[in-house]
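Inspection log for the structure reproduced underneath, given as structure tokens.
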Amino acid sequence: MVRVVITGAGTVNALAPNVPGTWAAMAQGKTGIVPLNFRDSDRLSIKIGAQIHDWPGLANMTAREAALWDPFTRLALAAADEAVVMAGLSGADLAAAGVIIGTAAGGISTWEDNYRAVFAEDRDRVPPLVVPRLMHNAAASHISIRHGARGPSFSVSSACASSNHAIGLAFQMVRAGQAPMMLAGGAEAMLCFGGVKAWEGLRVLSPDACRPFDAARNGMVMGDGAAVFVLENADHAAARGAPVLAEIAGFGMTADASDIVAPSAEGAAAAIRAALGDAGLAVQDLGYIDAHGTGTLANDRAESAALCQVLGKGGSVPVSSTKGGHGHAIGATGALELLAVILALREGILPPTTGCRVIADDCGLDVITGMARQANVAAALSNSFAFGGLNAVLALRAV
Amino acid sequence: MSDAIETRVIGIIAAQALLDPAEIAPDALLDSLGLDSLGLVEAIFAIEESFGITVPFNANDPQGSAFDIASVASVVQGVRALIAAK
Chain A
1 MVRVVITGAG TVNALAPNVP GTWAAMAQGK TGIVPLNFRD SDRLSIKIGA
51 QIHDWPGLAN MTAREAALWD PFTRLALAAA DEAVVMAGLS GADLAAAGVI
101 IGTAAGGIST WEDNYRAVFA EDRDRVPPLV VPRLMHNAAA SHISIRHGAR
151 GPSFSVSSAC ASSNHAIGLA FQMVRAGQAP MMLAGGAEAM LCFGGVKAWE
201 GLRVLSPDAC RPFDAARNGM VMGDGAAVFV LENADHAAAR GAPVLAEIAG
251 FGMTADASDI VAPSAEGAAA AIRAALGDAG LAVQDLGYID AHGTGTLAND
301 RAESAALCQV LGKGGSVPVS STKGGHGHAI GATGALELLA VILALREGIL
351 PPTTGCRVIA DDCGLDVITG MARQANVAAA LSNSFAFGGL NAVLALRAV
Chain B
400 MSDAIETRVI GIIAAQALLD PAEIAPDALL DSLGLDSLGL VEAIFAIEES
450 FGITVPFNAN DPQGSAFDIA SVASVVQGVR ALIAAK
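Residue numbers (the numbering used here), protein chains in the order written: chain A, 1 to 399; chain B, 400 to 485.
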């Protein structure tokens, strides 16, 4: 049986434009949620989001590249660059590697800018590179081009579970021997007028804060970001003396087959059980669970119920959601949250649920609040549950 | 006593609940009409568009919203207040 390890990680998000900064911010329970600031943001009724605010942008980008790369592609490229360096693969031959990047909205601000030009500003033409700029696979393709990765490469879109599906598929490919290495993760840049306006319509956004599992939770807060990981055959990594961050041990995915937006505890519980089964892990092995924990009433209740079903009464495992820090980065959120899981597995630092002060009565979970907890974690889960009733759960082991 | 605002609100709720407007009593509770959460946010959107108002309603915190969606009558009353405040 091939074992699959993570040998590199990279990110840009509202907490920090790199992995060490993100780990430090998660450990301290910091928040990257700020007042929204982009074109027409004053016309929105929601005024906050985890907008990236301390990133100078992609280094050495040419004018031609800027014309071709939507913001979500730039985030993905920056994250992939950091991951490749961390994995010790700078300049290495990555021809056998593939790339799978999850995204929910792809190049949404490119759609927006060009619709604005033709519909609102009566322009008769749009720039020639609109199609390759907005397509969902642009991020995966540009990572492939930049690093010479010629293996299986594509984008995955399953709303808020996109990243976990991307990482899970990449894990299965490495385990099946289809590629020795995969670059996998997610990228999202939905914080633009139309992106937030669309979410406003659903009335699930909080006007003031993200408070997962808190008695006073009142909705989710959107975020932008990307995280990309190098997944590698463990023997391949050992042969080149690569640093190992964690092992991906299993992946479970299910569909609720019920409601297009309301989550089902049964569907989520089935995905959690599937991930544990695939990994050969028991509930007792778990030392940490990174919850989907959006801070909406519907998600938090269904997720609590699902975890209580699987963990059983008294089967208490520390749980946190880091969305109060990096926001709900939609198709990138699972990838950002995998960083929290690696922090727990590697450093024994279980990040707190930023924004949660008083745990809701209906929660029933051991939610980490306030300060990070220190604990030796041998195995952990990362949950993602999407609109459309699509559930994707990763199971990881410390190495 | 029925009036134009109440008739319009009932029409909007009826369309989302897939009911005949005549089946919806002014004092009916929204829960009793089989309106799911999506139907509710669609109805509120339609009310905003129909009356040119902005309804303060958060699906995560229906009780905490300044707009009472318990019954048809409370919705009508809320719409009246928002129109008056325009």
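Quick reminder that beta carbons are idealized off the backbone N, C-alpha and C, glycines included.
(request) Could you check if residue 260 of chain A is buried or exposed, using at least 16 other CB atoms within 10 Å of its CB as the buried criterion? (result) The count along the first sequence starts at 1 and reaches residue 260 of chain A at position 260. In the assembly as shown, residue 260 of chain A is an exposed residue. Its beta-carbon has fewer than 16 other beta-carbons within 10 Å.
(message) Measuring only the C-alpha atoms, how far is residue 231 of chain A from residue 240 of chain A?
(response) Your numbering for residue 231 of chain A matches position 231 in the first sequence. Your numbering for residue 240 of chain A matches position 240 in the first sequence. Distance between the alpha carbons of residue 231 of chain A and residue 240 of chain A: 14 Å.
(request) Would you verify that the beta carbon of residue 522 of chain B is, or is not, closer than 9 Å to some beta carbon of chain A? (result) Any answer about residue 522 of chain B is impossible in this case: the structure gives chain B only from 400 up to 485.
(request) Would you kindly report the start and end of the unbroken beta strand (DSSP E) that includes residue 9 of chain A? (result) Here residue 9 of chain A refers to the residue found at position 9 when the first sequence is read from its first residue. That run of the beta strand (DSSP E) goes 4 to 13.
(request) Could you please give me the residues that DSSP links to residue 205 of chain A through a beta bridge? (result) Working through the first sequence from its first residue, we reach residue 205 of chain A at position 205. Paired residues: A/220.
(request) For the alpha helix (DSSP H) holding residue 182 of chain A, just list the boundary residues, first then last. (result) To locate residue 182 of chain A, count along the first sequence from 1; it is residue 182. Not the alpha helix (DSSP H): residue 182 of chain A falls in the beta strand (DSSP E), residues 181 to 188.
(message) For residue 64 of chain A, tell me which candidate among A/100, A/129 and A/14 has the shortest Cα-Cα distance.
(response) As a first step, residue 64 of chain A must be located in the first sequence, where it is residue number 64. Comparing Cα-Cα distances from residue 64 of chain A to each of A/100, A/129 and A/14, the minimum goes to A/129.
(request) Flag this pair as touching only if the segment 57 to 74 of chain A and the segment 379 to 392 of chain A have three or more C-beta atom pairs under 8 Å; answer yes or no. (result) Below 8 Å, too few C-beta pairs join the segment 57 to 74 of chain A and the segment 379 to 392 of chain A to call them touching: fewer than three.
(message) I need the DSSP call for residue 235 of chain A, collapsed to helix, strand or coil.
(response) Your numbering for residue 235 of chain A matches position 235 in the first sequence. Helix.
(message) Suppose you measure from the CA of residue 281 of chain A to the CA of residue 397 of chain A; what does that come to, to the nearest Å?
(response) As a position in the first sequence, residue 281 of chain A is number 281, starting the count at 1. As a position in the first sequence, residue 397 of chain A is number 397, starting the count at 1. Looking at the two C-alpha atoms, the distance is approximately 9 Å.
(message) Taking only three categories from DSSP, how would you classify residue 378 of chain A?
(response) As a working note, residue 378 of chain A is residue 378 in the first sequence. Coil at residue 378 of chain A, not helix or strand.
(message) Considering just the uninterrupted stretch of the beta strand (DSSP E) at residue 100 of chain A, what are its terminal residues?
(response) Taking the first sequence and counting its residues from 1, one reaches residue 100 of chain A at position 100. Note, residue 100 of chain A: beta strand (DSSP E), 98 to 102.
(message) Can you list, in chain order, the residues of its chain with a C-beta nearer than 7 Å to that of residue 22 of chain A? Leave out the 5 residues immediately preceding and following it.
(response) Numbered from its first residue, the first sequence carries residue 22 of chain A at position 22. The residues are 11, 13, 15, 16 and 339.
(message) Between the alpha carbons of residue 316 of chain A and residue 220 of chain A, how many angstroms are there, rounded?
(response) The count along the first sequence starts at 1 and reaches residue 316 of chain A at position 316. The count along the first sequence starts at 1 and reaches residue 220 of chain A at position 220. Rounded to whole angstroms, residue 316 of chain A to residue 220 of chain A spans 25 Å at the Cα level.
(message) Is the separation between the beta-carbon of residue 295 of chain A and that of residue 206 of chain A shorter than 9 Å?
(response) Counted from its first residue, the first sequence places residue 295 of chain A at position 295. Counted from its first residue, the first sequence places residue 206 of chain A at position 206. For residue 295 of chain A and residue 206 of chain A, yes; Cβs fall inside 9 Å.
(message) Please classify residue 277 of chain A as buried or exposed, where buried requires at least 16 neighbouring CB atoms within 10 angstroms.
(response) Along the first sequence, one-based indexing puts residue 277 of chain A at 277. Classification for residue 277 of chain A: exposed.
(message) Could you compute how far the alpha carbon of residue 160 of chain A sits from the alpha carbon of residue 402 of chain B?
(response) Residue 160 of chain A sits at position 160 when you count from the first residue of the first sequence. Residue 402 of chain B sits at position 3 when you count from the first residue of the second sequence. Between residue 160 of chain A and residue 402 of chain B, the C-alpha separation is close to 44 Å.
(request) Determine the contact status of residue 337 of chain A and residue 300 of chain A, defining contact as a CB-CB distance below 9 Å. (result) In the first sequence, counting from the first residue as 1, residue 337 of chain A sits at position 337. In the first sequence, counting from the first residue as 1, residue 300 of chain A sits at position 300. No, they are not a contact pair.
(request) Would you list, in chain order, the members of the segment 458 to 471 of chain B that have their beta-carbon closer than 8 Å to a beta-carbon of chain A? (result) Within the segment 458 to 471 of chain B, 458, 459, 460 and 463 place their CB atoms closer than 8 Å to a CB of chain A, listed in sequence order.
(message) Counting only beta-carbon separations shorter than 9 Å, does residue 415 of chain B have a partner in chain A?
(response) Translated into positions along the second sequence, residue 415 of chain B becomes position 16. So no, residue 415 of chain B is outside the interface.
(message) Strictly under 9 Å for the Cβ-Cβ distance: is residue 440 of chain B near chain A by that measure?
(response) The count along the second sequence starts at 1 and reaches residue 440 of chain B at position 41. Yes, because at least one Cβ of chain A sits closer than 9 Å to the Cβ of residue 440 of chain B.
(message) Any beta carbon of chain A sitting closer than 9 Å to that of residue 453 of chain B?
(response) Numbered from its first residue, the second sequence carries residue 453 of chain B at position 54. Output row for residue 453 of chain B: interface = yes.
(message) Need the endpoints of the beta strand (DSSP E) that residue 154 of chain A sits in, please.
(response) For the purposes of this step, residue 154 of chain A is taken as residue 154 along the first sequence, with counting starting at 1. From DSSP, the beta strand (DSSP E) with residue 154 of chain A extends over 153 to 156.
(request) Report the partner residues of residue 384 of chain A according to the DSSP bridge assignment. (result) Here residue 384 of chain A is taken as the residue at index 384 of the first sequence, counted from 1. DSSP output for residue 384 of chain A lists A/392 as bridge partner(s).
(message) Please report whether the beta-carbon of residue 242 of chain A lies at a distance below 9 Å from any beta-carbon of chain B.
(response) Numbered from its first residue, the first sequence carries residue 242 of chain A at position 242. Taking Cβ atoms only, chain B never reaches closer than 9 Å to residue 242 of chain A, which makes this a no.
(message) Looking at chain A, is there any beta carbon in it that lies within less than 9 Å of the beta carbon of residue 400 of chain B?
(response) Translated into the one-based positions of the second sequence, residue 400 of chain B becomes position 1. The predicted position of residue 400 of chain B is uncertain, since its pLDDT is 49 and thus under 50; a value taken from the coordinates is nonetheless stated next. Cβ-Cβ to chain A under 9 Å: no for residue 400 of chain B.
(message) Just to confirm my understanding: we take residue 262 of chain A, look at its own chain, exclude 5 residues before and 5 after, and list those with CB closer than 7 Å. What are they?
(response) Residue 262 of chain A sits at position 262 when you count from the first residue of the first sequence. So the qualifying residues of the chain are 298.
(message) Which complete beta strand (DSSP E) runs does the segment 271 to 323 of chain A hold, if anything under 3 residues is left out?
(response) 286 to 290 and 318 to 320
(request) Grab me the residues of residue 419 of chain B's own chain with a C-beta within less than 7 Å of its C-beta, minus the 5 sequence neighbours each way, in chain order. (result) Start at 1 with the first residue of the second sequence, and residue 419 of chain B comes out as number 20. The answer, listed in chain order, is 413.
(request) Go to residue 438 of chain B, then tell me how far its alpha helix (DSSP H) extends in each direction, as first and last residue. (result) Counting from 1 along the second sequence, the entry for residue 438 of chain B is found at position 39. Segment 436 to 450, the alpha helix (DSSP H) holding residue 438 of chain B.
(request) Flag this pair as touching only if the segment 360 to 374 of chain A and the segment 236 to 254 of chain A have three or more C-beta atom pairs under 8 Å; answer yes or no. (result) no
(request) Could you check what DSSP says for residue 426 of chain B in three-state terms: helix, strand or coil? (result) What you label residue 426 of chain B is simply residue 27 of the second sequence in a count that begins at 1. Coil, per DSSP.
(message) For the beta strand (DSSP E) containing residue 248 of chain A, name the first residue and the last one.
(response) Counting from 1 along the first sequence, the entry for residue 248 of chain A is found at position 248. That run of the beta strand (DSSP E) goes 246 to 255.
(message) I'd like to check one pair, residue 384 of chain A with residue 401 of chain A: are the Cβ atoms closer than 9 Å?
(response) In the structure as shown, chain A starts at 1 and stops at 399, and residue 401 of chain A therefore has no counterpart that could be examined.
(request) Alpha carbon to alpha carbon, how far is residue 187 of chain A from residue 366 of chain A? Give it in angstroms, no decimals. (result) Position 366 of the first sequence holds residue 366 of chain A. Position 187 of the first sequence holds residue 187 of chain A. The straight-line gap from Cα to Cα measures roughly 30 Å.
(request) List the DSSP bridge partners of residue 214 of chain A. (result) Position 214 of the first sequence, counted from the first residue, corresponds to residue 214 of chain A. Answer is A/359, bridged to residue 214 of chain A.
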